[in-house]
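Enquirer: I have a structure here, written as structure tokens, and I will follow up with some questions on it.
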Amino acid sequence: MIFPDNAYKELNLFSNFSEAADTFPNIPIYFDNPLIGFPDLDLETTYKKAKISIIQQASRLKQLGIKKGDKVIIYKSPMFDTYLMAVAVSYLGAVPIMISFHLPVEIMTIMCSRLENPWMIFDTITASKATDISSVAASQLIELEKLNDLSIETVAEQEFLEPNAISYMTHTSGTTGVPKLIAHSAQSMGWRTKWQKNIFDLIPKKELVAFHISPVHSRFNIGISSLMSKGFPMLWIGNSELENVSQTLTKFKPFALETHPNNFVQWSHLAKKKPELFSSFNYFHSTFDAINKGTMDIFLNASHCERPVFMQVYGQSECGPMIMKFHTKESIESLDARNMGVGMPELTEVRIVDEVAKNLPANTLGNIQMLSKGRALTYYKEDTRFTENTYDSWWDSGDFGYKDEHGELFLLDRQVDLIRDVESTLKIEDLLLDKLDFLNEVIIVRGKNNIAQPIISVMKNNQMDWEKWWHAISDFPLLNKPLVWDYEKIPRTATMKVQRLKIEEDLKNQ
37 MIFPDNAYKE
47 LNLFSNFSEA
57 ADTFPNIPIY
67 FDNPLIGFPD
77 LDLETTYKKA
87 KISIIQQASR
97 LKQLGIKKGD
107 KVIIYKSPMF
117 DTYLMAVAVS
127 YLGAVPIMIS
137 FHLPVEIMTI
147 MCSRLENPWM
157 IFDTITASKA
167 TDISSVAASQ
177 LIELEKLNDL
187 SIETVAEQEF
197 LEPNAISYMT
207 HTSGTTGVPK
217 LIAHSAQSMG
227 WRTKWQKNIF
237 DLIPKKELVA
247 FHISPVHSRF
257 NIGISSLMSK
267 GFPMLWIGNS
277 ELENVSQTLT
287 KFKPFALETH
297 PNNFVQWSHL
307 AKKKPELFSS
317 FNYFHSTFDA
327 INKGTMDIFL
337 NASHCERPVF
347 MQVYGQSECG
357 PMIMKFHTKE
367 SIESLDARNM
377 GVGMPELTEV
387 RIVDEVAKNL
397 PANTLGNIQM
407 LSKGRALTYY
417 KEDTRFTENT
427 YDSWWDSGDF
437 GYKDEHGELF
447 LLDRQVDLIR
457 DVESTLKIED
467 LLLDKLDFLN
477 EVIIVRGKNN
487 IAQPIISVMK
497 NNQMDWEKWW
507 HAISDFPLLN
517 KPLVWDYEKI
527 PRTATMKVQR
537 LKIEEDLKNQ
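Note that the sequence shown ends on residue 546 in this note's numbering; no numbers are left out.
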């Protein structure tokens, strides 16, 4: 496939936002709920109005003492204003640190201690935790609701960091312990937006794009910056509950949708029950992780567009979007859902290596290593942990799979999730979700005696059908009897990834 080739440009968060607002001033941005940090934007704004509000908030932050080079933790409810606050922080030449509101005090205390006297912006959702974090000085806590009441004395001027300096931080998912802080620069993020803008240029119409993505994920920044560079109208869906999604899609009828794989699974039951809600979509985009075939098929068939496309993207926060595959109603019929696709020429690629990083031939299982021009700089204050995963320009993903003779990547498992006698836990999860439509989650973890332990969740208003379960797994490797958990009780990260190692640890302790 031949991709468009956008010019490379370093990504300064505010400068990108400002240029988009100047080029496309009246392009709308819609929200499903009001924003605590930007109440003046209401439920609908424009690029230009949002830019003005960002400068106002940046001016308030400067009055409170935030200056160029300061680290500013944004630890609040997962709404679009999380990103807008990051843009305001970057306007001052300070460094936004994007941290999930899920993280508890003890974890936050460790992470914040790495940041040399940071500031923290919090809201009512995180207030009870923010004030208990001992590694953030009380004088440097900023309550978002009160920030709006501060009168602006002087409009702040934009300040700039060096293009290769750390200018933005996100964190790892935390599925394997205390999350690591991932450091990005304007230079590294610029390569990621080039990748994303090339993708957006494949869409011929600038119509409404809906998205529900964790605003602290590195994907959010890259996606929004790229959408705005191209002048797309945007719809932020902050509340993923089915009733709200139904009402929002009925009102707006968007053209494209991006969300996390687990949200697609969650919403697939809505798409089956009310397919008309998704009939307007021509493009679906799954963020940074594997998704099962049956879920993609449901959304493609709900669309009334002539040739809807489901784009599956595999990547990691350290490297950005990497590998992609485009699916249609026709191609999905013969798809192996473990096939992630290919990289973007001259920007991203993967290789398969053995335990000593020696290249392996096609169709040979091994460790997946990534080459990305947009690779992050380091783990902040944990450089050794970062370099442990680097092999010259290559990054060890921690994933396990193979490339076929056509160069397409097949993702089988996380290296740490490999279980005796099970070639791919992800493949089993996909197959069970496809076969058993009364389930909305299937997780395979390492159980007693290293035997695979399924954790399953039954869709609301459905019953567990044991006969269908045992029939479905009849030709699978040995599995323990599944544990049936409530969907909401399954531990997850901010991006809805299941915390598999935490589940394994909890099971060991029972």
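Where a beta carbon is used, it is the ideal one built from N, C-alpha and C, also for glycine.
#1: Buried or exposed, going by whether 16 or more other CB atoms sit within 10 Å of the CB of Cys355?
#2: Below 8 Å, can you find three or more Cβ-Cβ pairs linking the stretch 368-381 to the stretch 164-184?
#3: Identify every residue that forms a DSSP beta bridge with Thr295.
#4: Expressed to the nearest angstrom, what Euclidean distance is found between the alpha-carbon atoms of Glu189 and Asp68?
#5: Would you check if the stretch 470-483 and the stretch 496-513 touch, i.e. whether three or more CB-CB distances between them fall below 8 Å?
#6: Pick from Ala292, Phe300, Met264 and Val389: whose alpha carbon is nearest that of Leu278?
#7: Comparing alpha-carbon positions, which option in Ile218, Tyr319 and Ser353 lies nearest His363?
#8: Which word fits Tyr415, buried or exposed, when buried means at least 16 other C-beta atoms lie within 10 angstroms of its C-beta?
#9: What does the Cβ neighbour count give for Asp435, buried or exposed, with the cut at 16 atoms within 10 Å?
#10: Compare the C-alpha of Thr118 against each of Leu244, Thr284 and Trp272 and name the closest.
#11: Go ahead and pull the three-state DSSP assignment for Lys361.
#12: Nearest-angstrom Cα distance between Asn48 and Ser89?
#13: Span of the alpha helix (DSSP H) holding Thr59?
#14: Going by Cα to Cα distance, which pick from Ser339, Phe346, His340 and Ser316 is closest to Lys329?
#15: Below 8 Å on the Cβ atoms is my guess for Met156 versus Val172; work out the distance and round it to an integer in Å.
#16: Does the stretch 336-351 come within contact of the stretch 304-318, defined as at least 3 CB pairs closer than 8 Å?
#17: Which partner residues of Ile479 appear in the DSSP bridge assignment?
#18: Which residues does DSSP pair with Phe268 in a beta bridge?
#19: Taking C-alpha atoms, which residue in Ile487, Pro518 and Gln489 lies nearest to Met500?
#20: Please look up how many angstroms separate the CB atoms of Lys104 and Gly73, rounded, as I've assumed it's under 8 Å.
#21: Leaving out five residues on either side along the sequence, give the residues of the same chain with a beta carbon under 6 Å from the beta carbon of Ala57.
#22: Compute the distance between the beta-carbons of Ala292 and Ile327, then report whether it is under 9 Å.
#23: With DSSP run on the structure shown, which of helix, strand or coil describes Ala373?
Expert: From the atom records:
#1: Start at 1 with the first residue of the sequence shown, and residue 355 comes out as number 319. Cys355 comes out buried.
#2: Below 8 Å, too few C-beta pairs join the stretch 368-381 and the stretch 164-184 to call them touching: fewer than three.
#3: For the purposes of this step, residue 295 is taken as residue 259 along the sequence shown, with counting starting at 1. Checking the DSSP bridge columns, you'll see Thr295 partnered with His248 and Ser322.
#4: Position 153 of the sequence shown, counted from the start, is the residue given in the question as residue 189. Position 32 of the sequence shown, counted from the start, is the residue given in the question as residue 68. Straight-line spacing of the CA atoms in Glu189 and Asp68 works out to 32 Å.
#5: The stretch 496-513 is in contact with the stretch 470-483.
#6: One-based indexing of the sequence shown puts residue 278 at position 242. Out of Ala292, Phe300, Met264 and Val389, Phe300 has the C-alpha closest to the C-alpha of Leu278.
#7: Within the sequence shown, residue 363 is the residue found at index 327, counting from 1. Relative to the Cα of His363, the nearest Cα in the group Ile218, Tyr319 and Ser353 belongs to Tyr319.
#8: Mapped onto the sequence shown, residue 415 falls at position 379. Within a 10 Å sphere around the beta-carbon of Tyr415 sit 16 or more other beta-carbons, which makes this residue buried.
#9: Locating residue 435 in the sequence shown gives position 399, where the first residue counts as 1. Buried, because 16 or more other Cβ atoms sit within 10 Å of the Cβ of Asp435.
#10: Position 82 of the sequence shown, counting from 1, holds the residue named residue 118. The residue with the shortest Cα to Cα distance from Thr118 is Trp272.
#11: By one-based count along the sequence shown, residue 361 stands at place 325. Shown here, Lys361 sits in a strand according to DSSP, grouped into three states.
#12: Position 12 of the sequence shown holds residue 48. Position 53 of the sequence shown holds residue 89. Taking the straight line joining both Cα atoms gives about 18 Å.
#13: Taking the sequence shown and counting its residues from 1, one reaches residue 59 at position 23. It spans Leu49 to Thr59 - the alpha helix (DSSP H) in which Thr59 sits, taken as one unbroken run.
#14: Taking the sequence shown and counting its residues from 1, the one referred to as residue 329 is at position 293. For the residues Ser339, Phe346, His340 and Ser316, the minimum Cα distance to Lys329 belongs to Phe346.
#15: In the sequence shown, the residue the question calls residue 156 occupies position 120. In the sequence shown, the residue the question calls residue 172 occupies position 136. Between Met156 and Val172 the beta-carbon gap is near 5 Å, inside 8 Å, which marks them as a contact.
#16: With three or more CB-CB distances shorter than 8 Å, the stretch 336-351 counts as touching the stretch 304-318.
#17: Looking up residue 479 in the sequence shown gives position 443. The bridge partners DSSP lists for Ile479 are Ile491.
#18: Stepping through the sequence shown from its first residue, residue 268 is reached at position 232. In the DSSP assignment, Phe268 forms no beta bridge with any residue.
#19: One-based indexing of the sequence shown puts residue 500 at position 464. Met500 has its Cα closest to that of Pro518, out of Ile487, Pro518 and Gln489.
#20: By one-based count along the sequence shown, residue 104 stands at place 68. By one-based count along the sequence shown, residue 73 stands at place 37. In fact, because the Cβ distance is near 21 Å, the residues do not count as touching under 8 Å.
#21: The residue given as residue 57 occupies position 21 in the sequence shown. Closer than 6 Å at Cβ, skipping near neighbours: Tyr83, Lys84 and Lys87.
#22: Locating residue 292 in the sequence shown gives position 256, where the first residue counts as 1. Locating residue 327 in the sequence shown gives position 291, where the first residue counts as 1. Not in contact: Ala292 and Ile327 (Cβ atoms no closer than 9 Å).
#23: For this step, residue 373 is matched to residue 337 along the sequence shown. Ala373: coil per DSSP, three-state reduction.
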